[in-house]
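*Asks:*
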Amino acid sequence: MRKTIFISALLMLCLHSCRYFVKEKYKMKNNLQCTTKQMYLQQLMRKGIFNADQLLYVDSTHYWHFYNSMLQQDSSIVYIGTYVNDSEQVKKSAVILNNSSCSGRLENEIKLMQSQTVFDAVDLTRKPFIDQLGLYALKNHQPFHRDNQISKCILLAFSYSFGNYYNQLYEKINRQLQHHPTAKVYIVCLDPVYRLPD
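The sequence shown finishes on residue 1325 if you use the numbering used here, and the numbering steps up by one all the way, no holes.
#1: Please report the residue range of the beta strand (DSSP E) in which residue 1251 lies.
#2: For a quick check, are the C-beta atoms of residue 1315 and residue 1183 less than 8 Å apart?
#3: From residue 1181 to residue 1307, what distance separates their C-alpha atoms?
#4: Go ahead and pull the three-state DSSP assignment for residue 1285.
#5: Less than 6 Å between C-beta atoms, sequence neighbours within five positions excluded: which residues of the same chain meet that for residue 1123?
#6: Leaving aside the five residues before and after residue 1194 along the sequence, list all residues of the same chain whose C-beta is less than 7 Å from its C-beta, in chain order.
#7: With hydrogens ignored, establish whether the beta-carbon of residue 1324 is closer than 7 Å to any heavy atom of the ligand GTP.
#8: Skipping 5 residues on each side, what residues in its chain have a beta carbon closer than 8 Å to that of residue 1325?
#9: For residue 1251, which residues of its own chain have a beta-carbon under 8 Å away from its beta-carbon, when the five flanking residues on both sides are left out?
#10: Examine the Cβ distances between the region 1271-1286 and the region 1239-1257 and report whether three or more of them are shorter than 8 Å.
#11: Which ranges would you report for the beta strand (DSSP E) in the region 1258-1285 if only whole runs of at least 3 residues count?
#12: If distances are taken between C-alpha atoms only, which option among 1280, 1207, 1297 and 1278 comes closest to residue 1178?
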């Protein structure tokens, strides 16, 4: 009996220690410390992995619906999806659906999206019009409109609570996209940026 209690206690200690180590290493669960949208933008730019043109936020009217629908779709919510036009999104592969928080799988999924030039109707799913998601450019607070010159609009999510866990993924995807001028990645900030004054 004592041995079982000791092993259980040791196991609990290890689990909590690992969780603490991961949170500390990747700075997860950081709170949003910014007081303006400009300060938030500056903090993201200091990371050195984003450019200001790709950063978006959700307005107050659409925020909770967007956030909740993303959580229902996928609890990791890093890869929102790839739009091929204003209302059609490429279906996510079975590989990504089985483990969508794995950055290696996310990277491979996006590589596949980049390399594919034509999608069959069975590969696509209807989604709300991208212009109706309430997305705004963080750099100038203007409504986001998909560039029709871009054949693939890849939406990824960012939140301060992710810490720096996905930083390498964002960097790799941005590097890959430099060689694919017909695809563009946008980062949708899941933090309630709309609350911050301009």
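All C-beta atoms, glycine included, are put in the ideal place defined by N, C-alpha and C.
Everything numeric in this text was worked out from a predicted model, so none of it was measured.
*Replies:* So, from the data block:
#1: Taking the sequence shown and counting its residues from 1, the one referred to as residue 1251 is at position 124. It spans 1251-1253 - the beta strand (DSSP E) in which residue 1251 sits, taken as one unbroken run.
#2: Locating residue 1315 in the sequence shown gives position 188, where the first residue counts as 1. Locating residue 1183 in the sequence shown gives position 56, where the first residue counts as 1. Yes, the Cβ-Cβ distance between residue 1315 and residue 1183 is below 8 Å.
#3: By one-based count along the sequence shown, residue 1181 stands at place 54. By one-based count along the sequence shown, residue 1307 stands at place 180. When rounded, the distance between both Cα atoms is 15 Å.
#4: One-based indexing of the sequence shown puts residue 1285 at position 158. Residue 1285: strand per DSSP, three-state reduction.
#5: In the structure displayed, the chain extends from 1128 to 1325; residue 1123 sits before or after that span and is not available.
#6: Numbered from 1 along the sequence shown, position 67 holds the residue referred to as residue 1194. Excluding residues within five positions, the ones whose Cβ falls inside 7 Å are 1317.
#7: No copy of the ligand GTP appears in this structure; indeed no ligand is present at all.
#8: Within the sequence shown, the letter at position 198 stands for residue 1325. Contacts found: 1163, 1164, 1165 and 1268.
#9: Numbered from its first residue, the sequence shown carries residue 1251 at position 124. Within the same chain, residue 1251 has close Cβ partners 1211, 1215, 1216, 1217 and 1218.
#10: Yes, since at least three Cβ pairs between the region 1271-1286 and the region 1239-1257 fall closer than 8 Å, the two stretches touch.
#11: Qualifying beta strand (DSSP E) stretches, in chain order: 1262-1264 and 1279-1285.
#12: Sequence index remark: in the sequence shown, residue 1178 carries index 51 (1-based). The residue with the shortest Cα to Cα distance from residue 1178 is 1297.
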